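Student:
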């Protein structure tokens, strides 16, 4: 099934399922690639993106869940939707000069971005 | 160049007094003294989880450059994304990392403590000065604004007569 169109409005208040799906598409991943980048299995990504499933607070991937929420909320706090796309595509001095969508493919890349975005202006 | 870590425990401190500024994400704009962001996520001069630090700028331009020039990569912020506050500060014991003589004594360079994407030297300095216990904070060159200066306050270390008082919520930016 094709991904739904990328809607970056009100990302902070969106469900976790929507946040995960939106960030995955923003960074240009399919579910298999996103699972690989995050070091989880594809079933986990499908579960997280399923609106009908509540995220278990005892989930083994608490740190990743928090990181994805932090990125979604921070981008929504800081940028208008069209600028979020610009941010994802722009070479970033805080990410070793790489674009966020490329840096997300690195081991730990999503956690580092969450760390940097989470600290901005807080 | 290897930093002289031992010197961090003996290096001279100075008092500082004045008005400083902070740009806070507007969502957290009513918590001007909160340091939860730096505690959870770390900052240039503090390691995540060890202690939080209050990062202030000497002027508005430095604050704006600090928030714009890092992970934001110069992408325009949404209107009102930040709220600016001013602070009245007196600290009896800070370390001036902007001083060439202090840098010489510590065997560090300005480039080392302002390097983008690498906080290794700076966070080590912050950790040792915080551990020292009698230092209220430090002044450091901005990593994002030429000739800009930042004041990093170890809020959990300050004792009277040192104080940090929030002044006015000034404006939203941009």
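Chains as they are written, first to last, in the working numbering: chain H, 1 to 122; chain R, 1001 to 1174. For every residue, glycine included, the Cβ atom is placed at its ideal position computed from N, Cα and C. These numbers come from a predicted model, not from an experiment.
(1) Report yes if the C-beta distance between residue 1063 (chain R) and residue 1057 (chain R) is below 7 Å; otherwise report no.
(2) I'd like to know if the stretch 1095-1112 of chain R and the stretch 108-117 of chain H are in contact, where contact means that at least 3 CB-CB pairs between them fall below 8 Å.
(3) Could you compute how far the alpha carbon of residue 1 (chain H) sits from the alpha carbon of residue 19 (chain H)?
(4) Leaving out five residues on either side along the sequence, give the residues of the same chain with a beta carbon under 6 Å from the beta carbon of residue 44 (chain H).
(5) How is the beta strand (DSSP E) around residue 1094 (chain R) delimited, first residue to last?
(6) State the DSSP-derived secondary structure class of residue 85 (chain H), mapped to helix, strand or coil.
(7) Beta strand (DSSP E) containing residue 1166 (chain R): first to last residue?
(8) When you compare each of R:1125, R:1140, R:1160, R:1168 to residue 1008 (chain R) by their alpha carbons, which one comes out closest?
(9) Taking Cβ positions, are residue 1164 (chain R) and residue 1055 (chain R) nearer each other than 7 Å?
(10) Any heavy atom of the ligand FAD within a distance shorter than 6 Å of the CB on residue 1104 (chain R)?
(11) With 7 Å as the C-beta to C-beta threshold (strictly closer), list the residues of the stretch 53-80 of chain H near chain R in chain order.
(12) Locate the alpha helix (DSSP H) running through residue 1041 (chain R), then write down its first and last residues.
(13) Tell me the DSSP secondary structure of residue 1076 (chain R) in three-state form.
(14) Rounded C-beta distance between residue 37 (chain H) and residue 104 (chain H)? I'm assuming under 8 Å.
(15) Relative to chain H, which residues along the stretch 1128-1145 of chain R have a C-beta separation below 7 Å, given in chain order?
(16) Quick one: is residue 1134 (chain R) buried, meaning 16 or more other Cβ sit within 10 Å of its Cβ, or exposed?
(17) Closest to residue 1166 (chain R) by C-alpha separation, out of R:1023, R:1132, R:1010, would be which residue?
(18) Spatial neighbours of residue 1051 (chain R) within its chain, please: C-beta separation below 8 Å, excluding the five flanking residues on both sides.
(19) Any C-beta of chain R sitting closer than 7 Å to the C-beta of residue 20 (chain H)?
(20) Starting from residue 1040 (chain R), find everything on chain H with Cβ-Cβ shorter than 7 Å and list it in chain order.
Tutor: Reading off the structure:
(1) By 1-based counting over the second chain, the position of residue 1063 (chain R) is 63. By 1-based counting over the second chain, the position of residue 1057 (chain R) is 57. Taking 7 Å as the Cβ cut-off, residue 1063 (chain R) and residue 1057 (chain R) qualify as a contacting pair.
(2) Taking a cut-off of 8 Å for Cβ pairs, the stretch 1095-1112 of chain R and the stretch 108-117 of chain H do not touch, as fewer than three such pairs fall below it.
(3) For the purposes of this step, residue 1 (chain H) is taken as residue 1 along the first chain, with counting starting at 1. For the purposes of this step, residue 19 (chain H) is taken as residue 19 along the first chain, with counting starting at 1. In this prediction, residue 1 (chain H) has a pLDDT of 45, which is less than 50 and means its spatial position is unreliable; what the coordinates show is noted afterwards. Distance from the CA atom of residue 1 (chain H) to the CA atom of residue 19 (chain H), rounded to whole angstroms, is 18 Å.
(4) Taking the first chain and counting its residues from 1, the one referred to as residue 44 (chain H) is at position 44. If we look at residue 44 (chain H) and ignore the five residues flanking it on each side, it has no Cβ neighbours.
(5) To locate residue 1094 (chain R), count along the second chain from 1; it is residue 94. Secondary structure note for residue 1094 (chain R): its beta strand (DSSP E) is the uninterrupted segment 1082-1096.
(6) Working through the first chain from its first residue, we reach residue 85 (chain H) at position 85. Looking at residue 85 (chain H) - three-state DSSP - the assignment turns out to be helix.
(7) In the second chain, residue 1166 (chain R) corresponds to position 166, counting from 1. First-last of the beta strand (DSSP E) with residue 1166 (chain R): 1163-1173.
(8) Numbered from 1 along the second chain, position 8 holds the residue referred to as residue 1008 (chain R). Of the candidates R:1125, R:1140, R:1160, R:1168, R:1125 places its Cα closest to the Cα of residue 1008 (chain R).
(9) For the purposes of this step, residue 1164 (chain R) is taken as the residue at position 164 of the second chain. For the purposes of this step, residue 1055 (chain R) is taken as the residue at position 55 of the second chain. No, the pair does not count as a contact, with Cβ atoms beyond the cut-off.
(10) Although the ligand FAD was asked about, the structure shown includes no ligands whatsoever.
(11) Of all residues in the stretch 53-80 of chain H, the ones placed with a Cβ closer than 7 Å to any Cβ belonging to chain R are 77, 78, 79, 80, in chain order.
(12) In the second chain, the residue the question calls residue 1041 (chain R) occupies position 41. 1036-1041 is the extent of the alpha helix (DSSP H) around residue 1041 (chain R).
(13) Here residue 1076 (chain R) is taken as the residue at index 76 of the second chain, counted from 1. Here residue 1076 (chain R) sits in coil by DSSP.
(14) As a position in the first chain, residue 37 (chain H) is number 37, starting the count at 1. As a position in the first chain, residue 104 (chain H) is number 104, starting the count at 1. About 6 Å; that satisfies the 8 Å criterion.
(15) Result list empty, no residue passes.
(16) Against the second chain, residue 1134 (chain R) aligns to sequence position 134. Residue 1134 (chain R) is exposed by the Cβ-count criterion.
(17) Your numbering for residue 1166 (chain R) matches position 166 in the second chain. Out of R:1023, R:1132, R:1010, R:1023 has the C-alpha closest to the C-alpha of residue 1166 (chain R).
(18) One-based indexing of the second chain puts residue 1051 (chain R) at position 51. Cβ neighbours of residue 1051 (chain R) beyond the five flanking positions: 1039, 1130, 1154, 1156.
(19) The residue labelled residue 20 (chain H) in the question sits at position 20 within the first chain. Answer no: the Cβ-Cβ gap between residue 20 (chain H) and chain R never drops below 7 Å.
(20) Within the second chain, the letter at position 40 stands for residue 1040 (chain R). Those within 7 Å of residue 1040 (chain R) in chain H are 118.
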